[in-house]
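Working notes, structure below.
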């Protein structure tokens, strides 16, 4: 059984912070933006004077003695106007400073948010990646051992032995393969709007089969341990495993059959870790 080349599992889309315009940051103003802001402040007369004299935004942002020497006559500025312009300029500078501080604070906050988002994305990616490995292991049991045994003309095991060893694993393999396909389809790319929890919740009722499997596993262990080489079944297993992916060929059957029992605690740890890092505002939290 050769492993098929699969596309990358769960790419994590770059974090996208909320967009803020910072329209009061005068450092980015054009001539038109300067005029718009002056009009919003009710300074229509000043806006008109700036328009007529083609005043640049950065000139208004850095008003000094040279500005007044150049434009006082052109703009017909008296002392009242000069005082008024100075107040407006100071207000614009204050607003710009506030924008700079806001940007710095938000940058720090969203840097933390990005780290949290990437952490959650990597937990989901680990869940899907390990689920793929898990299904591959169960697939070896189902496709290389169980199904070929069913097709044999001369049975190596009784129907009761077949049911005990492979009945539970076969059902679990079907459930988890469906879960993996769902995760692959809907979470090929993890984003801030991904609904990982909803997918897992859909399959949660089906995972009850694990409870039954855990109860009968001691019997499975005892039976399989009694059928190692030179038992015909042990010989059959050893021969079939030559078709398994190279990295699984050294696994004995019990090492594969115990994986469902080992997988359950892993589910709990990963889901608990994810929930710990989600916030109520996250799309995935409510699921």
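Residue numbers (this note's numbering): 4 to 290.
Backbone N, C-alpha and C fix where the C-beta goes; we use that ideal spot for every residue, glycine too.
Assuming residue i and residue j make a contact with CB atoms under 8 Å, what is their CB distance in whole Å?
i	j	result
residue 267	residue 213	6 Å
residue 37	residue 60	4 Å
residue 149	residue 173	6 Å
residue 159	residue 206	That belief does not hold up - the Cβ atoms of residue 159 and residue 206 are roughly 33 Å apart, past 8 Å.
residue 95	residue 64	6 Å
residue 176	residue 142	7 Å
residue 137	residue 179	7 Å
residue 218	residue 120	With 8 Å as the limit, residue 218 and residue 120 do not qualify as a contact, their Cβ atoms being about 40 Å apart.
In chain order, what residues of the same chain have a beta carbon less than 8 Å from the beta carbon of residue i, not counting five sequence neighbours either side?
i	result
residue 147	4, 243, 244, 246, 247
residue 126	273, 276, 277, 280
residue 132	12, 13
residue 62	70
residue 66	88, 89, 92
residue 271	none
residue 169	144, 145, 148, 149, 152
residue 56	74, 77, 78
Pull up the distance between the alpha-carbon of residue i and that of residue j, whole angstroms please.
i	j	result
residue 200	residue 18	19 Å
residue 13	residue 227	37 Å
residue 230	residue 259	15 Å
residue 47	residue 54	10 Å
residue 151	residue 144	10 Å
residue 122	residue 184	23 Å
residue 263	residue 287	26 Å
residue 250	residue 282	39 Å
residue 102	residue 139	54 Å
residue 39	residue 114	33 Å
residue 85	residue 118	49 Å
residue 162	residue 20	59 Å
residue 208	residue 155	34 Å
residue 254	residue 233	17 Å
residue 15	residue 116	15 Å
residue 285	residue 187	21 Å
residue 22	residue 221	57 Å
residue 211	residue 129	23 Å
residue 239	residue 252	14 Å
residue 31	residue 68	23 Å
residue 135	residue 261	16 Å
Identify, in the order they occur along the chain, each residue of the same chain with its Cβ nearer than 6 Å to the Cβ of residue i, setting aside the five sequence neighbours on each side.
i	result
residue 80	none
residue 27	98, 102
residue 25	102
Using a Cβ-Cβ cut-off of 7 Å (strictly less than) and excluding sequence neighbours within five positions of residue i, which residues of its own chain qualify?
i	result
residue 189	202
residue 224	257
residue 290	198, 200, 201, 204
residue 215	171
Going by the DSSP bridge assignment, what does residue i pair with across the sheet?
i	result
residue 193	15
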